[in-house]
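*Asks:*
Protein chains in written order, with the working numbering: chain A, 1 to 158; chain B, 1 to 148.
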C-alpha cells in the first residue's frame, strides 16, 4: 500500500471514530487534512485562514464583529458575507446555505456548507473536508446540534 | 546537542555523538550507534524516567494532544487541552522543541509560544494565516537563537 493510500485510510478511520454515524450514512473525504483553515472559514469558502474570535487575537475574525464565542457573533460574521437567517436546511436552487452547530451551552462548535447536490461539506477540525449527506451525520458529542441555518443567493446565477 | 536535532532531524554529519574516537567512522555507523543508544534508553529506562527527558515528554504530550483535539475547530479549546497546557508548563525548554515541530509540520502552537515567551511576532494582517504565522515564529526562533 502506498503512502498516500495509507494516509487516506487512517483519516477515514479517524473520522468514523469521532463521528460514528458517518460510517453508516456514506460520506467522502474531499481534501487532505490541514490546520490552515477551520470549518468556520471553510463554510465561508475561505481555505487560507483560520477564523476564530479568540480573546488573544491570534486568529482572523471580521473586524466589524465582536470577538465572542456566541451564536450571535458567528451569525454576524456570516451576515457580513451576505447570508441571512433561513427557516430550513432543504436545498433550494439559486441559494447557498450554511448550518451552524452549537454545544449544550450554546457555544458554536462547527459550521457546514450546502453543495449544489444538496449534500453538505464540512471541515473536521484539523482533519479533512468531507462531503456528507445530512447535517445529522456529524451532530452529537463533538459538535452538538444545529442551531441556525443561513442562506444567500448564489453569485453564479444569471 | 540541541534538542531539535535529537528526533526530528538526522544530520548526516552529526558524528560527534559517538563516545569514542570517531576517526574513520562512517555516517551510517553513527546513525546505527545513535539508534542503538536510543533503543537502550527505550527498553531499559522505566517510562516514568523516560518522561524526565524533555524531548520524550514533549513528543508524548504532543501525540496525546493531537489525537484528542483533531476534530476541534476552536484553537482556544485546542489550547485548553491538558497535554497542551503541560507543554506550556515545560517553559522555555519547550520552545526549541515547538519551533522544530513547526518547521516539520504546521500546527497550532501560537498560543503556547505566546504564553511561554510573552512575545508575538505575527503581524495583524497575518492573523489566521497559519503558514505566515508559522513563518513569523520560525523567523523569530532563528533571531533568538532557538533554531539554526
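Virtual Cβ for every residue (Gly too), placed ideally from N, Cα, C.
Could you list which residues in chain A have their beta carbon closer than 7 Å to that of residue 74 of chain B, in chain order?
*Replies:* Along the second chain, read from residue 1 onward, the residue named residue 74 of chain B stands at position 74. Correct list: 52.
*Asks:* Taking 9 Å as the CB-CB cut-off, is residue 6 of chain A touching chain B?
*Replies:* Along the first chain, read from residue 1 onward, the residue named residue 6 of chain A stands at position 6. Only weak support is given to the placement of residue 6 of chain A: the predicted model assigns it a pLDDT of 38, under 50, and the question is left unresolved by the model.
*Asks:* By DSSP, does residue 12 of chain B sit in helix, in strand, or in coil?
*Replies:* On the second chain, residue 12 of chain B is found 12 positions in, with the first residue counted as 1. Annotation note: pLDDT 42 at residue 12 of chain B (below 50); position unreliable, no value reported.
*Asks:* In or out: residue 85 of chain A buried (at least 16 other Cβ within 10 Å) or exposed?
*Replies:* Position 85 of the first chain, counted from the first residue, corresponds to residue 85 of chain A. Exposed, by the Cβ-count rule.
*Asks:* Taking 8 Å as the cut-off, is the C-beta of residue 105 of chain A nearer than that to any heavy atom in the ligand MG?
*Replies:* This structure lacks the ligand MG, and indeed carries no ligand of any kind.
*Asks:* Please state whether DSSP places residue 174 of chain B in a helix, a strand or coil.
*Replies:* Any property of residue 174 of chain B remains undetermined from this structure, which presents chain B solely from 1 to 148.
*Asks:* Does any C-beta atom of chain B lie closer than 9 Å to the C-beta of residue 41 of chain A?
*Replies:* Here residue 41 of chain A corresponds to residue number 41 of the first chain, with the count starting at 1. Output row for residue 41 of chain A: interface = yes.
*Asks:* Using a Cβ-Cβ cut-off of less than 9 Å, list which residues of the region 102 to 114 of chain B approach chain A; keep chain order.
*Replies:* 105, 106, 107, 108, 110, 111 and 114
*Asks:* Which of the three DSSP states, helix, strand or coil, is assigned to residue 137 of chain B?
*Replies:* Start at 1 with the first residue of the second chain, and residue 137 of chain B comes out as number 137. Three-state DSSP puts residue 137 of chain B in a helix.
*Asks:* What separation, rounded to the nearest whole angstrom, lies between the Cα atoms of residue 52 of chain A and residue 16 of chain A?
*Replies:* Within the first chain, residue 52 of chain A is the residue found at index 52, counting from 1. Within the first chain, residue 16 of chain A is the residue found at index 16, counting from 1. Their Cα atoms are separated by approximately 25 Å.
*Asks:* Distance check for residue 102 of chain B and residue 134 of chain B, CA to CA, integer angstroms please.
*Replies:* As a first step, residue 134 of chain B is located in the second chain; it is residue number 134 there, counting from the start. As a first step, residue 102 of chain B is located in the second chain; it is residue number 102 there, counting from the start. Taking the straight line from one Cα to the other gives about 7 Å.
*Asks:* If the criterion is Cβ atoms closer than 9 Å, does the pair residue 154 of chain A and residue 94 of chain A meet it?
*Replies:* Here residue 154 of chain A is taken as the residue at index 154 of the first chain, counted from 1. Here residue 94 of chain A is taken as the residue at index 94 of the first chain, counted from 1. For residue 154 of chain A and residue 94 of chain A, yes; Cβs fall inside 9 Å.
*Asks:* What's the C-alpha gap between residue 6 of chain B and residue 67 of chain B?
*Replies:* In the second chain, the residue the question calls residue 6 of chain B occupies position 6. In the second chain, the residue the question calls residue 67 of chain B occupies position 67. Caution applies to residue 6 of chain B, whose pLDDT of 48 falls short of 50 and renders its modelled position unreliable; the value that the coordinates give is listed next. Each residue's alpha carbon lies about 23 Å from the other.
*Asks:* Got a sec? Which residues, its chain only, sit under 8 Å from residue 103 of chain A by beta carbon, not counting five neighbours each side?
*Replies:* As a working mapping, residue 103 of chain A is identified with position 103 in the first chain. Result list for residue 103 of chain A: 109, 143 and 144, in chain order.
*Asks:* Just confirm the distance between the C-beta atoms of residue 25 of chain A and residue 121 of chain A, as a whole number of angstroms; I'd bet it's less than 8 Å.
*Replies:* By 1-based counting over the first chain, the position of residue 25 of chain A is 25. By 1-based counting over the first chain, the position of residue 121 of chain A is 121. Rounded, the Cβ-Cβ distance is 14 Å, inconsistent with contact.
*Asks:* Please compile the residues from chain A whose C-beta is within a distance smaller than 9 Å of the C-beta of residue 40 of chain B.
*Replies:* Residue mapping note: residue 40 of chain B aligns to position 40 of the second chain, counting from 1. Under the 9 Å cutoff, chain A gives no residues; its nearest Cβ is about 30 Å from residue 40 of chain B.
*Asks:* With 7 Å as the limit, tell me which residues of the region 125 to 137 of chain B have their beta carbon closer than that to any beta carbon of chain A; keep them in chain order.
*Replies:* 127, 128, 129, 130 and 131
*Asks:* Would you check if the distance between the CB atom of residue 50 of chain A and the CB atom of residue 41 of chain A is smaller than 9 Å?
*Replies:* Residue mapping note: residue 50 of chain A aligns to position 50 of the first chain, counting from 1. Residue mapping note: residue 41 of chain A aligns to position 41 of the first chain, counting from 1. In contact: residue 50 of chain A and residue 41 of chain A (Cβ atoms closer than 9 Å).
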